[in-house]
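Single-structure report; data block below.
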Amino acid sequence: MATYSKPTTRAPEGGNLKPGALLLYLALNVFIIGYSFHVFYWTPPPRPATAPAATFSEQRARGHVHALAEDIGLRSVSTPGLQAAHHYIWEFTQQLQQQAAGSGIHVQAQFENYTGSFDFDFVGERFVNAYHNISNIILHISRPSSAQQPAVLLVAHHDSPVGSPGAFAAAAAAAAVALLQRTITSAT
Numbered sequence: 000m001a002t003y004s005k006p007t008t009r010a011p012e013g014g015n016l017k018p019g020a021l022l023l024y025l026a027l028n029v030f031i032i033g034y035s036f037h038v039f040y041w042t043p044p045p046r047p048a049t050a051p052a053a054t055f056s057e058q059r060a061r062g063h064v065h066a067l068a069e070d071i072g073l074r075s076v077s078t079p080g081l082q083a084a085h086h087y088i089w090e091f092t093q094q095l096q097q098q099a100a101g102s103g104i105h106v107q108a109q110f111e112n113y114t115g116s117f118d119f120d121f122v123g124e125r126f127v128n129a130y131h132n133i134s135n136i137i138l139h140i141s142r143p144s145s146a147q148q149p150a151v152l153l154v155a156h157h158d159s160p161v162g163s164p165g166a167f168a169a170a171a172a173a174a175a176v177a178l179l180q181r182t183i184t185s186a187t
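All residue numbers for the sequence shown refer to numbering that gives the first Met the number 0, where the first residue is 0 and numbers rise by one.
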């Protein structure tokens, strides 16, 4: 019959671990984690409105958002506010055309107005959506010699949801597109 004997446990050998090694290891890890946060989460400071026109300025963008969302306000379809927003953006495109004049950059602005309707099926039911006096502002920026070059399309709607000034829902995107247009016309 076999007898059971209790295994003997030996204490781990401490070896030559120096007290400063653990401190160095922890300090190195803190540095790596801190540097990683800095690299991945750091954002540059916002640029003021006085920044050169060829650079994107957050303060100028906020000015456009304020004009659309606060000064004009509600921009739902078929409201006077939407017409005021069309006028505001059209005036901005006219300023870009004037700035680009004589610089070798061709800026062409086009204003299109639509009235109509469309129908669609939703869960087996027919819905009709009618719209009146919906406008698009199209701005084409190019060099005269670059007719066959690839292009970039920048698009944003500037109407707002019903009952909202739409600062985030469209005004911010419209401001970003407007300033990108300014940056392109100033930088090229």
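For glycine and all other residues, C-beta sits at the position ideal for the given N, C-alpha and C. In this text the structure is predicted, and so the values were computed from the model without any measurement.
Quick check on DSSP: helix, strand or coil for Q98? The residue you call residue 98 lines up with position 99 of the sequence shown. Helix, per DSSP.
Under a three-way DSSP split, which group does G72 fall into? The residue you call residue 72 lines up with position 73 of the sequence shown. Coil.
Less than 8 Å between the CB atoms is what I'm expecting for R203 and T54, so what's the real figure, rounded? This structure cannot settle anything about residue 203, because the visible part of the chain is limited to 0 through 187.
When we look at the beta-carbon of H188 and count the other beta-carbons within 10 Å, is it buried (16 or more) or exposed? Since the first and last residues shown for the chain are 0 and 187, residue 188 lies out of range.
Can you list, in chain order, the residues of its chain whose CB lies under 8 Å from that of L179, leaving out five sequence neighbours each side? Here residue 179 refers to the residue found at position 180 of the sequence shown. Excluding residues within five positions, the ones whose Cβ falls inside 8 Å are F55 and L153.
Please determine, among A50, A168 and Q58, the residue with the shortest C-alpha to C-alpha distance to G72. Here residue 72 refers to the residue found at position 73 when the sequence shown is read from its first residue. Here the closest residue by C-alpha is A168.
Just mark F165 as buried or exposed, buried being the case when its beta carbon has 16 or more other beta carbons within 10 Å. Numbered from 1 along the sequence shown, position 166 holds the residue referred to as residue 165. Position check: residue 165 holds Gly in this sequence, whereas Phe was assumed. Classification for G165: buried.
Leaving out five residues before and five after D188 in sequence, what residues of the same chain have Cβ atoms less than 8 Å from its Cβ? The requested residue 188 is not part of the displayed model; the chain covers only 0 to 187.
First and last residue of the uninterrupted alpha helix (DSSP H) at Q180: Locating residue 180 in the sequence shown gives position 181, counting from the first residue. First-last of the alpha helix (DSSP H) with Q180: A171 to A186.
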